[in-house]
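Chemist: Counting from 18, one number per residue, gives the positions in the sequence shown under the working numbering.
The beta-carbon is built from N, C-alpha and C at its ideal position, and this holds for glycine as well.
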Amino acid sequence: MSDPKPIVSHLYTADPSAHAFNGKLYVYPSHDRETDQPDNDNGDQYDMNDYHVFSMESVGGEVTDHGIALHAKDVPWVSKQLWAPDAAEKNGKFYLYFPARDKDGIFRIGVAAGDKPEGPFKADPEPIKGSYSIDPASFVDEDGQAYLYFGGIWGGQLQCWRTGKFVREAYDDMEASGDEPALLPRVAKLTDDMRSFSGDVKEIEILDDDGKLIHASKHDRRFFEAAWVHKYKGKYYFSYSTGDTHYLVYAIGDSPLGPFKFAGRILEPVQGWTTHHSIVEFKGKWYLFYHDTSLSGKNHLRSVKMRELVYDNEGHIKLAEPQP
Ligand code: FUB
C-alpha cells in the first residue's frame with residue numbers, strides 16, 4: 018500500500034481528532050515542536066504549548082490552518098505539555114478538551130468553549146473536576162448524551178490513579194503484569210453544558226476472546242492510551258493504542274459505557290514510537306486519521322495522515338484498498 022502524505026507539512030501535528038462539523042471535516046491535533054527536553058518514557062519530549070485547528074471541505078482538497086485556537090499561556094491551571102486534544106459540538110457551541118500538566122505536574126483535563134469549530138476557544142479557569150490522566154476523547158450519542166473517555170499509562174500517569182486518588186509513588190509501577198487485568202481506560206458522562214462530569218468516573222471493560230478482561234501481559238492488545246469511540250450501525254466501537262507494541266486496535270460493544278469485546282487491529286506500527294488516531298464518517302465514507310514521523314524522523318515531531326476505512330459484513334474494520 019502506498020504511504021499517504023501528511024495532510025500538512027508546514028507544522029508538525031499529531032494525535033488527530035477528526036469531526037464532521039457544518040459540512041466540513043475538522044481536525045484537532047497536537048502541535049509538536051522542537052524542544053530541549055529529554056526523550057524518555059515519561060514523554061518529556063512531547064513539550065507542546067498550543068493547538069491549531071485544521072479543516073477541509075473535501076478529502077484530498079485544500080487543508081486550511083485556522084491558526085492558534087488555544088495557547089497554554091491563556092490557561093491559568095496549566096504548567097506545560099498540551100497533549101492530545103478532542104472537540105465536540107452541542108447546541109451550536111463547540112468544546113475543546115485537552116490534557117496538560119497542572120502546577121503540581123499532574124495531568125488533568127481542561128475544557129475550552131467557542132462559537133466556531135475552528136475556535137478560538139476560551140478555557141475554563143480550572144480543569145474539569147474529577148478529571149485526570151491524558152487523551153480525552155468525546156462522543157455525543159444520538160440521544161444527545163455526551164461522554165468523555167480518557168486515560169493513558171506510563172507517562173500518562175493512569176497507574177497513579179488505581180485507588181481513585183493520585184499516588185505519586187505509584188508512578189514507577191507503570192502497569193499491572195501477568196494474568197492480572199490490565200489497567201482500564203476511563204469514561205464519565207458530561208453535563209448538558211459539556212463542562213463538567215455529571216457522575217462518577219467509571220472504568221471501561223475491554224474483554225478478550227474468552228470473555229474475561231484482557232490480561233496485563235498481552236501488550237499487543239491491552240489498553241495503553243489514545244481512546245476513541247465511534248458508532249457504526251448501532252454498535253459502539255472503542256479503539257485505542259497498545260503503546261509499546263505500537264498497534265491501533267479496537268473493541269465493539271452495545272453501550273457507550275462498555276463492556277467492549279476485542280475485535281482486532283486497525284493499523285500496524287507506524288514510523289515513530291507513538292500511534293494515535295481517530296475515526297470519522299464524512300460524506301458517506303469512513304476515514305482513519307493517524308500520525309507518523311516520516312517527515313522528521315524524530316519521535317516527537319509527528320505528522321498527521323489519513324486513510325479511508327471500510328467495514329466488512331460482520332462490521333470489522335479494514336483499511337480501504339486501494340486508497341483514494
Ligand atoms: O502527544 C503526546 C502523547 O503522545 C499523546 O497524548 C499520546 O497519545 C501519544 O500520542
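Looking only at its own chain, which residues have a Cβ that is under 8 Å from the Cβ of ALA193, when we skip the five neighbours before and after it?
Modeler: Here the question's residue 193 lines up with position 176 in the sequence shown. Here the set comprises ALA199, LEU200 and ALA233.
Chemist: When the distance is taken between beta carbons, is GLU106 closer than 8 Å to PHE38?
Modeler: Looking up residue 38 in the sequence shown gives position 21. Looking up residue 106 in the sequence shown gives position 89. The answer is yes: Cβ separation under 8 Å.
Chemist: Can you find a heavy atom of the ligand FUB that lies under 7 Å from the Cβ of TYR68?
Modeler: Here the question's residue 68 lines up with position 51 in the sequence shown. Every heavy atom of the ligand FUB is 7 Å or more from the Cβ of TYR68, so no.
Chemist: Which residues mark the beginning and the end of the beta strand (DSSP E) in which LYS302 is found?
Modeler: Position 285 of the sequence shown holds residue 302. Note, LYS302: beta strand (DSSP E), 302 to 309.
Chemist: Compare the Cα-Cα distances from ASP261 to each of ILE223, PHE277 and PHE241 and report the closest residue.
Modeler: Position 244 of the sequence shown, counted from the first residue, corresponds to residue 261. With distances taken between Cα atoms, ASP261 lies closest to PHE241.
Chemist: Nearest by alpha-carbon distance to TYR149: which of ASP210, GLU220 and GLY136 is it?
Modeler: The sequence position of residue 149 within the sequence shown is 132, counting from 1. Here the closest residue by C-alpha is GLU220.
Chemist: Taking Cβ to Cβ, would you say SER75 is nearer than 8 Å to SER295?
Modeler: Along the sequence shown, read from residue 1 onward, the residue named residue 75 stands at position 58. Along the sequence shown, read from residue 1 onward, the residue named residue 295 stands at position 278. Not a contact, by the Cβ cut-off of 8 Å.
Chemist: Can you check the segment 99 to 125 for any beta strand (DSSP E) of at least 3 residues that lies completely inside it and give the ranges in chain order?
Modeler: Segments of the beta strand (DSSP E) lying fully in the segment 99 to 125: 103 to 107 and 110 to 119.
Chemist: What do you reckon, is the C-beta of SER320 under 7 Å from a heavy atom of the ligand FUB?
Modeler: By 1-based counting over the sequence shown, the position of residue 320 is 303. No, the beta carbon of SER320 sits no closer than 7 Å to any heavy atom of the ligand FUB.
Chemist: What residues are listed by DSSP as bridge partners for GLY40?
Modeler: Within the sequence shown, numbered from 1, the residue matching residue 40 stands at position 23. None; GLY40 has no bridge partner.
Chemist: Using a Cβ-Cβ cutoff of less than 6 Å, which residues in the same chain neighbour ASP64 once the five nearest sequence positions on both sides are dropped?
Modeler: Taking the sequence shown and counting its residues from 1, the one referred to as residue 64 is at position 47. So the list reads THR52 and GLN54, once near-sequence residues are dropped.
Chemist: Rounding to the nearest angstrom, what Cα-Cα distance links HIS236 and ALA187 in this structure?
Modeler: Here residue 236 corresponds to residue number 219 of the sequence shown, with the count starting at 1. Here residue 187 corresponds to residue number 170 of the sequence shown, with the count starting at 1. If you take the alpha carbons of HIS236 and ALA187, they lie about 20 Å apart.
Chemist: How about TYR63: is its Cβ closer than 7 Å to a heavy atom in the ligand FUB?
Modeler: Numbered from its first residue, the sequence shown carries residue 63 at position 46. Yes, the Cβ of TYR63 comes within 7 Å of a heavy atom of the ligand FUB.
Chemist: Spatial neighbours of PHE11 within its chain, please: C-beta separation below 6 Å, excluding the five flanking residues on both sides.
Modeler: Outside the shown range of the chain (18 to 341) lies residue 11, about which nothing can therefore be said.
Chemist: With ASP82 as the anchor, note down where its beta strand (DSSP E) starts and where it stops.
Modeler: Walking along the sequence shown from the start, residue 82 turns up at place 65. Unbroken beta strand (DSSP E) run through ASP82: 80 to 88.
Chemist: Which residues share a DSSP beta bridge with LEU326?
Modeler: In the sequence shown, residue 326 corresponds to position 309, counting from 1. In DSSP, LEU326 forms a bridge with TRP303 and LEU336.
Chemist: With PRO116 and TRP94 assumed to form a contact (beta carbons below 8 Å), what rounded beta-carbon distance in angstroms separates them?
Modeler: If you number the sequence shown from 1, residue 116 lands on position 99. If you number the sequence shown from 1, residue 94 lands on position 77. Rounded, the Cβ-Cβ distance is 12 Å, inconsistent with contact.
Chemist: How about GLN162: is its C-beta nearer than 8 Å to some C-beta of chain C?
Modeler: In the structure shown, chain C does not exist; there is a single protein chain.
Chemist: Measure the alpha-carbon distance for LYS322 versus TRP303 and round it to whole angstroms.
Modeler: Here residue 322 refers to the residue found at position 305 of the sequence shown. Here residue 303 refers to the residue found at position 286 of the sequence shown. Distance between the alpha carbons of LYS322 and TRP303 is about 14 Å.
Chemist: So, at 8 Å on beta carbons, what are the nonlocal neighbours of ARG212 in its own chain, with the 5 sequence-adjacent residues on each side left out?
Modeler: Here residue 212 refers to the residue found at position 195 when the sequence shown is read from its first residue. Excluding positions up to five away in sequence, the list reads TYR112, VAL128, ALA130, ASP141 and ILE145.
Chemist: Less than 8 Å between the CB atoms is what I'm expecting for ALA243 and TYR257, so what's the real figure, rounded?
Modeler: Position 226 of the sequence shown, counted from the first residue, corresponds to residue 243. Position 240 of the sequence shown, counted from the first residue, corresponds to residue 257. Confirmed, about 5 Å.
Chemist: Would you tell me roughly how many angstroms separate the C-alpha atoms of GLU331 and LYS252, rounded to the nearest one?
Modeler: As a position in the sequence shown, residue 331 is number 314, starting the count at 1. As a position in the sequence shown, residue 252 is number 235, starting the count at 1. Straight-line Cα distance between these residues: approximately 11 Å.
Chemist: Would you identify the three-state DSSP class for GLU242, choosing helix, strand or coil?
Modeler: Along the sequence shown, one-based indexing puts residue 242 at 225. Three-state DSSP puts GLU242 in a strand.
Chemist: Would the beta-carbon of HIS48 be found less than 7 Å away from any heavy atom of the ligand FUB?
Modeler: By 1-based counting over the sequence shown, the position of residue 48 is 31. False, no ligand heavy atom lies under 7 Å from that Cβ.
Chemist: Rounding to the nearest angstrom, what Cα-Cα distance links VAL287 and ASP309 in this structure?
Modeler: Working through the sequence shown from its first residue, we reach residue 287 at position 270. Working through the sequence shown from its first residue, we reach residue 309 at position 292. Taking the straight line joining both Cα atoms gives about 6 Å.
Chemist: Per DSSP, what are the beta-bridge partners of ALA163 in this structure?
Modeler: Within the sequence shown, residue 163 is the residue found at index 146, counting from 1. Paired residue(s): VAL157.
Chemist: Can you check which of these residues, LYS206, GLN174 and LYS120, is closest to ALA154 by C-alpha distance?
Modeler: For the purposes of this step, residue 154 is taken as the residue at position 137 of the sequence shown. The shortest C-alpha separation from ALA154 is found at LYS206.
Chemist: Determine which residues share a DSSP beta bridge with THR292 and list them.
Modeler: Here residue 292 corresponds to residue number 275 of the sequence shown, with the count starting at 1. Note: THR292 sits in no beta bridge, so no partner.
Chemist: Taking ASN59 as the reference, give the member of LEU165, TRP245 and LEU175 with the closest Cα.
Modeler: To locate residue 59, count along the sequence shown from 1; it is residue 42. When each option's Cα is compared against that of ASN59, the closest is LEU175.
Chemist: Could you pull out every unbroken beta strand (DSSP E) segment of at least 3 residues lying fully inside the segment 160 to 210, listed in chain order?
Modeler: Complete beta strand (DSSP E) runs here, min 3: 163 to 167 and 203 to 206.
Chemist: Flag TRP100 as yes when its Cβ comes closer than 7 Å to any non-hydrogen atom of the ligand FUB, and as no otherwise.
Modeler: Along the sequence shown, one-based indexing puts residue 100 at 83. Yes - the ligand FUB has a heavy atom lying nearer than 7 Å to the Cβ of TRP100.
Chemist: Quick one: Cα of GLY168 to Cα of ILE151, how far?
Modeler: The count along the sequence shown starts at 1 and reaches residue 168 at position 151. The count along the sequence shown starts at 1 and reaches residue 151 at position 134. Their backbone Cα atoms lie some 5 Å apart in a straight line.
Chemist: Is ASP32 near the ligand FUB - that is, is its Cβ less than 7 Å away from at least one heavy atom of it?
Modeler: Taking the first residue of the sequence shown as position 1, residue 32 is located at position 15. Yes, the beta carbon of ASP32 sits closer than 7 Å to at least one heavy atom of the ligand FUB.
Chemist: What residues in its chain sit with their C-beta under 6 Å from that of VAL184, if we drop five residues either side in the sequence?
Modeler: In the sequence shown, the residue the question calls residue 184 occupies position 167. Excluding residues within five positions, the ones whose Cβ falls inside 6 Å are CYS177.
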